[in-house]
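Structure record follows, encoded as structure tokens.
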Amino acid sequence: MKRVVETWEVADVGPVAVAVSDRARHARITIKRNGVVTLTLPKRMSLEQGRQLLQKGRSWIQKHLRQVQAEQSDPRLDRTQARRQLLERLEHLARQHGFAYNKVFIKNQKTLWGSCSSHNNINLNVHLVRLPEELRDYVLVHELVHTRHKNHSRQFWETLNSIVGDGRKLQRQLRRYQPRP
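Next comes the structure, spelled out in structure tokens:
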């Protein structure tokens, strides 16, 4: 069971709800789409440790609050601008790393960030433009690598990692985001 025990005012962040959970194993900071920040602590962790964690994570919280506020201030996505940005970046990455693809389709997908067909047609989710740049590039390179390796074989991951670094780590980070807001 999770229960809010207090609310703290954190400088440059605002109010943070502090919850203690019987089931949590690790402390977690979450930011909802409405900008509500919650610190969830396992019951074995002291409030003072939670306060220290918030201070350490303050810049992370500020960064993500800015993203949430930007999404709220511009809920409609400019599809033309998103398409242009994604196509330019995909072309740049393809040239830089020697990949070739056939066609590109920009779609408003519910569950996928991207895909690559057997004919090297790349489908990209229009909402990729809302992701942090590092994760956006990860998705673009991931699909470009599929033009050479059609599955997630060892060679696929080796090629991907040679370009983006730790692809598995980026894949885990990407799971924190939903393709459609």
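Take the sequence shown: its position 79, counted from the start at 1, is 393 in the working numbering, and no numbers get skipped. The beta carbon of each residue, even a glycine, is placed where N, CA and C say it ideally should be. Remember, predicted model here, so these are calculated numbers, not experimental data.
Unbroken beta strand (DSSP E) runs of no fewer than 3 residues, entirely contained in the stretch 345-426, are found at 351-356, 418-421, following chain order. The beta carbon of L454 sits closer than 7 Å to those of R403, L404, L407, all from its chain and outside the five residues before and after it, given in chain order. In this structure G481 is not in contact with L488, their Cβ atoms being roughly 10 Å apart against a cut-off of 8 Å. By the neighbour-count criterion, in which 16 or more other beta carbons inside 10 Å mark a residue as buried, A325 falls on the exposed side. Around the CB of T354, 16 or more other CB atoms lie within 10 Å, so the residue is classed as buried.
A Cβ-Cβ distance of about 7 Å is found for the pair V332 and L361, placing them in contact under the 8 Å criterion.
Per DSSP, the continuous beta strand (DSSP E) segment holding G328 begins and ends at 328-335.
Under the three-state reduction of DSSP, K483 is assigned to helix.
The beta carbon of M315 sits closer than 8 Å to the beta carbons of S335, D336, R337 from its chain, once the five residues preceding and following it are set aside; these are given in chain order. Take the alpha-carbon of N416 and the one of R317: they are about 53 Å apart. Here the alpha carbons of D392 and H433 stand approximately 29 Å from one another. Cβ contact annotation for R397 (same chain, cutoff 8 Å, sequence separation greater than five): I420, V440, in chain order. Counting C-beta atoms within 10 angstroms of its own C-beta, V330 has 16 or more neighbours from the protein chains shown and is therefore classed as buried.
With fewer than 16 other CB atoms across the displayed protein chains lying within 10 angstroms of its CB, E320 is exposed. Assignment of R342 by DSSP, reduced to helix, strand and coil, places it in the strand class.
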